[in-house]
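Each remark here refers to the structure printed beneath this line.
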Amino acid sequence: MPPDTVSLRYFLVLAQELNFTRAAARIGIAQPALSARMRRLEAELGTALLVRNTRSVVLTTAGAALVESAPPALAALDRAWDTARSAAAGELGTLRIGYSLSAGAETAPALVDRLIRGNSGLQVGAVPMATPEISPAVADGRIDAGITRGEQPGRGVRRFLLRRMRVGVQLAQYHPLAEHPEIEIADAAAYPLRLPDRAANPVIHDQLSALFRDTRPHPRFHTPAVSFDMSQRDLRDGVTLAPAGEAAITAQPAGLTWRPLRGAPSLTIHLVLPREQSPLHRRIRAVAKTLAHELHWLPD
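In the numbering used here, each residue carries its 1-based index in the sequence shown increased by 36.
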């Protein structure tokens, strides 16, 4: 049987002091209790570690050998305990996060940065994914977490509201509507509206198009052939407006600006986690909740 590690640590203090009274005071226990632990430690090892008399305490050959070999062993054990505690707290391992492109401008980078800041044992990889693929990938374990715009459907996952943001439109800086601090929905509907492909994100496509359901005449919707952040010539030329959340401000291309739509409901961004959660999943949930509070992503 390995020795009692508490008694072993006490022995190392005693080996430094070579005095039971001083060692007991330094440890914070009674001297008889320290003496009893040393006798039990010697019994476990089957050899004397100390030579005691009324005047002095001297290490035996075995005691001196233990003084030399015990500290590295105890340090290794401490590291093992720390590693186990870090794993239990979700601070150790590899975390794979998938995010929709629209969440890549601000939300996903902020969460990844917070997860890895001061946490050298956690490796975080984040990759853009098509929105409809994120929840299934979380459910079957291909990724550990997802960040999606809108509450995307899917089984085997849990969704947590991460952010609410105002809805507005991106438009050219010289566009006539850019002169207004807020734009009426009906005024925006008078121009062709650039929406994401419904196949790429049916939830957000339907939510944005629904904003203009009651406007007359019905607006003209334009869906670009490529993703929203790769081709914006029609916006810069003033041909179209692009309904978008306020996070678009942080990645505003040259020549564009953003204005809120008056009375429009907010867009949402959700954190997607598997239904059965590990310490890593609980860690990302706790960090996301703290981040959302600090950055005022959610109303109080």
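Where a beta carbon is used, it is the ideal one built from N, C-alpha and C, also for glycine. As the structure is a prediction and not an experimental result, all values here were calculated from the model.
Buried/exposed call for residue i, threshold 16 Cβ in 10 Å
i       : result
Ala-51  : buried
Gly-161 : exposed
Asp-250 : exposed
Met-201 : buried
Pro-107 : exposed
Gln-188 : buried
Arg-88  : exposed
Ala-235 : exposed
Glu-78  : buried
Arg-256 : exposed
Leu-198 : buried
Gln-288 : exposed
His-332 : exposed
Ala-173 : buried
His-254 : exposed
His-306 : buried
Arg-295 : buried
Gly-329 : Sequence inspection shows His at residue 329; the Gly mentioned does not correspond to that position. His-329 is exposed by the Cβ-count criterion.
Ala-101 : exposed
Residue i to residue j span [Cα, whole Å]
i       : j       : result
Ser-92  : Arg-319 : 53 angstroms
Arg-17  : Thr-326 : Absent from the model: residue 17. The displayed extent of the chain is 37 to 336, so no value can be given.
Thr-143 : Arg-272 : 25 angstroms
Val-49  : Ile-63  : 8 angstroms
Glu-215 : Pro-301 : 22 angstroms
Ala-166 : Leu-137 : 8 angstroms
Ser-43  : Leu-110 : 12 angstroms
Thr-41  : Thr-90  : 27 angstroms
Ala-337 : Ala-141 : Residue 337 lies beyond the stretch modelled for the chain, which goes from 37 to 336, so this question has no answer here.
Glu-53  : Tyr-46  : 11 angstroms
His-317 : Asp-270 : 41 angstroms
Glu-33  : Ala-112 : With the chain represented from 37 up to 336, any question about residue 33 goes unanswered, as that position is not in the structure.
Glu-104 : Thr-130 : 37 angstroms
Phe-264 : Leu-297 : For Phe-264, the pLDDT reaches just 48, beneath the cut-off of 50, and the residue's location in the model is therefore unreliable, although a value from the coordinates is still provided. Approximately 19 angstroms between the Cα atoms of the pair.
Val-308 : Arg-121 : 25 angstroms
Ala-98  : Leu-85  : 6 angstroms
His-241 : Leu-158 : 35 angstroms
Arg-194 : Pro-212 : 43 angstroms
9 angstroms Cβ cutoff met for residue i and residue j
i       : j       : result
Gly-186 : Asp-176 : no
Thr-293 : Gln-209 : yes
Ala-60  : Ala-72  : no
Ala-224 : Val-205 : yes
Arg-132 : Arg-76  : no
Val-275 : Leu-244 : no
Ala-324 : Leu-147 : yes
Ala-246 : Ile-183 : no
Val-163 : Gly-190 : no
Ile-221 : Phe-196 : no
is_contact[residue i, chain B] using C-beta, thresh 9 angstroms
i      : result
Pro-68 : Considering every chain present, this structure includes no chain B. It has just one protein chain.
Closer than 8 angstroms: residue i CB and nearest the ligand COA heavy atom
i       : result
Ala-181 : Among the components modelled here there is no ligand, and therefore nothing to report on the ligand COA.
- Item | Given 8 angstroms, three or more beta-carbon pairs between the segment 214–234 and the segment 305–314 | no
- Fully enclosed by the segment 250–326, which beta strand (DSSP E) runs are 3 residues long or longer? 278–281, 292–296 and 303–310
- Message: As an exercise, report each continuous alpha helix (DSSP H) stretch of at least 4 residues that is fully enclosed by the segment 203–242, in chain order.
- Response: 221–224
- Taking only runs that begin and end inside the segment 83–113, name each unbroken beta strand (DSSP E) of 3 or more residues, in chain order. 86–88 and 93–95
- Note down, one range per segment and in chain order, each alpha helix (DSSP H) of at least 4 residues found wholly within the segment 159–200. 167–175
- Message: My parser needs the beta strand (DSSP E) runs of 3 or more residues fully inside the segment 47–75; what are they?
- Response: Counting whole runs of 3 or more residues, the segment 47–75 contains no beta strand (DSSP E) stretch at all.
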